[in-house]
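Student: Sharing a structure with you now.
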Amino acid sequence: MVAGPNTDMEFLELPPRVSEWRRFRRVFLSRGVVVFGLIILVLLVFTAAFAAWLAPYDPYKPAVGRALQQPCKDFPLGTDTLGRDTLSRLIYGSRTALMVGFISVAVATIIGITLGLIAGYFGGMINVVIMRLMDALLCFPMILLALVVASVLGGGIQNVIIALSIATIPGYARVTHGLTLSIRENDYVLAERAMGADATHTMLRHILPNAFPPLIVLMTMQLGNIILAEAGLSFLGIGIDPPGAAWGAMVYDGYKHLLRNPVLSFAPGLAIMLVVFAFNMVGDGLRDALDPRLRGLL
Amino acid sequence: MTAYIIRRLIQALFVLILVTLIVFFVMRLLPGDPVLIYVAQTAELEAMPPEMLDILRAEFGLDKPIMVQYANWVSGIFQGDFGTSIFYREEVSMLMLERFPVTLHLGVLALIIGAVFGVLAGLLAAVRRGKWLDKVVTPLTYVGITIPVFWLGILLMYAFGLKLQWLPISGYTSPMDDFWLSTRQVIMPVISMAVFGLAANARQMRSSMLEVTQQDYVRTAWSKGLSERKVIVRHALKNSLIPVITLMGIGVGIIFGGSVFVETVFAIPGVGRLLVSSIFGQDYVVVQAITFIIAVIVLVVNLIVDISYGWFDPRIRYG
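This is how it looks when you write it as structure tokens:
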């Protein structure tokens, strides 16, 4: 390819190029709360990965002799009704939270994006059916939908994951649908269709990548919401397979002994809050760094 | 505007049909025979001859094709017949009339508090951007949207109920019976339910207010020499409220979701607690009725929000 003399001149007119990654990093890390959230998430992943080394005691084995101990040197947060160390259970609970969060978000994203892409790209009757079905699902408060579906399926952690996925699919479908509608109108999509490219190719190679920034922000924020919802379900007693440790269930167990040792209930609740806060803040930071126009929309 | 309303109504009707289908068929996903579940809970399953089960099946209409069952269920609902609760041995519609007012009492209060204080907090934070008020309010809104509602309830109960003993820790009394006691009992539950919506409204209000105050017409209002109060209240407020209204539609669903936890923590006999106990008691007729009624309320509120949105912002109507 021969570059005309004008081309070089045009390049000279451009402002000095800042690498995209550098710009992203600068904006992303510019707010203190975002950095704080990021640190919490790194610590969370670290805790979940090395739970076996970090936990001072076995989180599952009951030791009735030392039930409901006050916080002390041996047990910094005290022990629960079965004499299990609260700190160790808190550490192991991070695994439950992260596992449920990541799997549910992955499942809901894949299904929701697919539905949104199909509805937005093809339009017509398919669009009406899919989007009205999503509207119908959105009529049920997320936590209630998850609660009913999980209990109908029979509880257990895998059914909680299924329930939370179903409850969050409409959100992804709606956002993807809206994005697809606007991206579809671009000339490059039109050109692609004029060349006779098939629909799947156009959707996956041209529409999806352009819809990615808002979707990644939505996923991050949904991770927090899912973890909050999972905590809610396990607080109500749905989804934990004893002796597994889940933060919501720990809050409920502690609630029954609020006067004896409030830390039993306070500590796991604080953990839930910090993690949800962290995902929200990192989502906020990603939004500002990837596409500031999304402010107020996500 | 009429065309817009009609379009929205037709859409809502279609969604309503889908809602009935979801509620009906999710309950049919249940493993096992509804009659067996019913019998196992009411009487001695072993003692029951198989013919008896068939009779029961016929009585509940379960021997008919599934679409006929669905049609019967829907026509029952429109006559206010939700079936009979297995556990309470009571008409579900009566049970709903008993429990819904309790949740609505708390929920409506929470919604109002969330709306009024949320909008006010967001407005003040935006007007005093970067000042100490903003620096207090904005971080608090972050806390408000992330705090688990059940945990907040427990914290309040511990502080004001158990330690300071200012407020009763649980129970519910109708304001008709004893207004003072009722008010004291609902303070903590209502605060727990309201906090999320309050914080979300404040956040939305702050950012939309900041956006609106950048607009030319606001600058014009300033340059006319109007006082700050006039500029904000007369010119900026109305337009910045528009996005907040959508949020209030979502807020209704969130409040119903929160009622499940708040009513569990504070032992309040509303629908939220009834839903949880019915789920554990496998009283699915009740679960069906509650989820359906809540979904319809959310649907109607969002329809109203959508229509009023079209009224506030003509761009939506013709879009």
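Top to bottom, those sequences are chains A and B. Quick note: to get this note's numbering, add 8 to the position in the first sequence (first position is 1). Quick note: to get this note's numbering, add 567 to the position in the second sequence (first position is 1). Yeah, the Cβ is synthetic: ideal placement off N, Cα and C, and Gly gets one too. As the structure is a computational prediction, the values presented were derived from the model and not from experiment.
(1) DSSP on B:Thr780, reduced to helix/strand/coil?
(2) Could you check which residue in A:Gln78, A:Val137, A:Ala239, A:Ala279 has the C-alpha nearest to that of A:Val108?
(3) Can you tell me which of B:Leu596, B:Ser660, B:Ala677 puts its alpha carbon nearest to the alpha carbon of B:Ser826?
(4) Is the segment 231-246 of chain A touching the segment 710-729 of chain B in the sense that three or more CB pairs, one from each, lie closer than 8 Å?
(5) Quick one: using the 10 Å Cβ neighbour count with 16 as the cut-off for buried, is A:Glu18 buried or exposed?
(6) For B:Ala769, decide whether its Cβ has a neighbour in chain D, counting only Cβ atoms nearer than 9 Å.
(7) Check the DSSP bridge columns for B:Glu658 and list the partner residues they point to.
(8) Taking 9 Å as the threshold (C-beta atoms), are A:Met289 and B:Tyr709 in contact?
(9) Out of B:Asp880, B:Phe879, B:Trp878, B:Ala856, which has the shortest C-alpha to C-alpha gap to B:Val586?
(10) Report the rounded CA-to-CA distance for B:Val779 versus B:Arg796, giving the unit in angstroms.
(11) What residue range is occupied by the uninterrupted alpha helix (DSSP H) comprising A:Glu238?
(12) For A:Leu231 and A:Arg295, I'd like the C-alpha separation in whole angstroms.
(13) Nearest to B:Arg574 by alpha carbon, out of B:Asp880, B:Asp873, B:Arg882?
(14) Pull up the distance between the alpha-carbon of A:Met211 and that of A:Ile191, whole angstroms please.
(15) Quick one: residues in its chain with C-beta nearer than 6 Å to the C-beta of A:Ile121, no 5 flanking neighbours on either side, listed in chain order?
(16) Can you grab the Cα-Cα spacing for the pair B:Leu700 / B:Gly689, in whole Å?
(17) Check whether the Cβ atoms of A:Thr188 and A:Gly132 lie closer than 9 Å to each other.
(18) Under 9 Å, do B:Tyr739 and B:Ile835 count as touching if we go by C-beta distance?
(19) Roughly how many angstroms lie between the CA atoms of A:Thr228 and B:Leu765, to the nearest whole one?
(20) According to DSSP, simplified to helix, strand and coil, what is B:Asp621?
(21) Can you pull the chain A neighbours of B:Ile861, defined as C-beta to C-beta under 9 Å?
(22) Name the chain A residues whose beta carbon is nearer than 8 Å to that of B:Leu585?
(23) What residues in its chain sit with their C-beta under 7 Å from that of B:Ile736, if we drop five residues either side in the sequence?
(24) Mapping DSSP to helix, strand and coil, what is A:Asp292?
(25) Can you tell me whether B:Tyr851 is buried or exposed? The criterion is at least 16 other CB atoms within 10 Å of its CB, across all chains shown.
(26) I'd like to check one pair, A:Ile169 with A:Ile235: are the Cβ atoms closer than 9 Å?
(27) Within the same chain, show all residues whose beta-carbon is closer than 7 Å to that of B:Arg840, passing over the 5 residues directly before and after it, in chain order.
(28) Using a Cβ-Cβ cutoff of less than 8 Å, which residues in the same chain neighbour B:Val753 once the five nearest sequence positions on both sides are dropped?
(29) Closer than 7 Å, Cβ to any Cβ of chain B: which residues of the segment 281-302 of chain A, in chain order?
(30) Between the segment 201-211 of chain A and the segment 142-161 of chain A, do at least 3 Cβ pairs fall closer than 8 Å?
(31) To the nearest angstrom, how far is the alpha carbon of A:Ala114 from that of A:Ile99?
(32) What in chain A is Cβ-close to B:Leu729, meaning under 8 Å?
(33) Answer with buried or exposed for B:Gln646, where buried requires no fewer than 16 other C-beta atoms within 10 angstroms of its C-beta.
Tutor: Once the coordinates are examined:
(1) Taking the first residue of the second sequence as position 1, residue 780 of chain B is located at position 213. Coil, per DSSP.
(2) The sequence position of residue 108 of chain A within the first sequence is 100, counting from 1. Per the Cα distances, A:Ala239.
(3) Here residue 826 of chain B refers to the residue found at position 259 of the second sequence. Answer by Cα proximity: B:Ala677.
(4) Taking 8 Å as the limit for Cβ pairs, the verdict is that the segment 231-246 of chain A does touch the segment 710-729 of chain B.
(5) In the first sequence, the residue the question calls residue 18 of chain A occupies position 10. With a pLDDT of 48 at A:Glu18, under the threshold of 50, the modelled position of that residue is not reliable, and no figure is offered here.
(6) Going by chain labels, chain D is absent from the structure shown, which instead holds the protein chains A and B.
(7) Position 91 of the second sequence, counting from 1, holds the residue named residue 658 of chain B. B:Glu658 pairs with B:Thr651.
(8) Mapped onto the second sequence, residue 709 of chain B falls at position 142. Mapped onto the first sequence, residue 289 of chain A falls at position 281. Cβ atoms of B:Tyr709 and A:Met289: closer than 9 Å.
(9) For the purposes of this step, residue 586 of chain B is taken as residue 19 along the second sequence, with counting starting at 1. For B:Val586, the nearest C-alpha among the options comes from B:Ala856.
(10) As a first step, residue 779 of chain B must be located in the second sequence, where it is residue number 212. As a first step, residue 796 of chain B must be located in the second sequence, where it is residue number 229. Looking at the two C-alpha atoms, the distance is approximately 15 Å.
(11) Residue 238 of chain A sits at position 230 when you count from the first residue of the first sequence. That run of the alpha helix (DSSP H) goes 216-243.
(12) What you label residue 231 of chain A is simply residue 223 of the first sequence in a count that begins at 1. What you label residue 295 of chain A is simply residue 287 of the first sequence in a count that begins at 1. Going by the C-alpha atoms only, they are around 15 Å apart.
(13) As a working note, residue 574 of chain B is residue 7 in the second sequence. It is B:Asp873 whose Cα lies nearest to the Cα of B:Arg574.
(14) For this step, residue 211 of chain A is matched to residue 203 along the first sequence. For this step, residue 191 of chain A is matched to residue 183 along the first sequence. The alpha-carbon atoms of A:Met211 and A:Ile191 are separated by roughly 10 Å.
(15) Within the first sequence, the letter at position 113 stands for residue 121 of chain A. Closer than 6 Å at the Cβ level, and outside the excluded window around A:Ile121, lie Tyr180, Thr184.
(16) Counting from 1 along the second sequence, the entry for residue 700 of chain B is found at position 133. Counting from 1 along the second sequence, the entry for residue 689 of chain B is found at position 122. Spanning the two alpha carbons is a distance of roughly 10 Å.
(17) Your numbering for residue 188 of chain A matches position 180 in the first sequence. Your numbering for residue 132 of chain A matches position 124 in the first sequence. Against a cut-off of 9 Å, the Cβ pair of A:Gly132 and A:Thr188 comes out as no contact.
(18) By one-based count along the second sequence, residue 739 of chain B stands at place 172. By one-based count along the second sequence, residue 835 of chain B stands at place 268. A contact, by the Cβ cut-off of 9 Å.
(19) Counted from its first residue, the first sequence places residue 228 of chain A at position 220. Counted from its first residue, the second sequence places residue 765 of chain B at position 198. The straight-line gap from Cα to Cα measures roughly 23 Å.
(20) As a first step, residue 621 of chain B is located in the second sequence; it is residue number 54 there, counting from the start. Residue state, collapsed to three classes: helix.
(21) Numbered from 1 along the second sequence, position 294 holds the residue referred to as residue 861 of chain B. The answer, in chain order, is Cys147, Phe148, Pro149, Leu152.
(22) Residue mapping note: residue 585 of chain B aligns to position 18 of the second sequence, counting from 1. Per Cβ cutoff of 8 Å: Arg140, Leu141, Asp143, Ala144.
(23) Here residue 736 of chain B refers to the residue found at position 169 when the second sequence is read from its first residue. Answer for B:Ile736: Met724, Gly728, Leu729, listed in chain order.
(24) By 1-based counting over the first sequence, the position of residue 292 of chain A is 284. Helix.
(25) To locate residue 851 of chain B, count along the second sequence from 1; it is residue 284. Classification for B:Tyr851: buried.
(26) Taking the first residue of the first sequence as 1, we reach residue 235 of chain A at position 227. Taking the first residue of the first sequence as 1, we reach residue 169 of chain A at position 161. No, the pair does not count as a contact, with Cβ atoms beyond the cut-off.
(27) Locating residue 840 of chain B in the second sequence gives position 273, counting from the first residue. Closer than 7 Å at the Cβ level, and outside the excluded window around B:Arg840, lie Glu830, Thr831.
(28) Counting from one through the second sequence, the residue named residue 753 of chain B turns up at place 186. Counting only Cβ-Cβ distances below 8 Å, and skipping sequence neighbours, we find His672, Leu673, Leu676, Tyr739.
(29) Met281, Val284, Phe285, Asn288
(30) no
(31) Indexing the first sequence from 1 puts residue 114 of chain A at position 106. Indexing the first sequence from 1 puts residue 99 of chain A at position 91. If you take the alpha carbons of A:Ala114 and A:Ile99, they lie about 24 Å apart.
(32) Taking the first residue of the second sequence as 1, we reach residue 729 of chain B at position 162. Residues of chain A passing the Cβ test: Leu266, Leu267.
(33) In the second sequence, counting from the first residue as 1, residue 646 of chain B sits at position 79. It is exposed - the Cβ of B:Gln646 has fewer than 16 other Cβ atoms within 10 Å.
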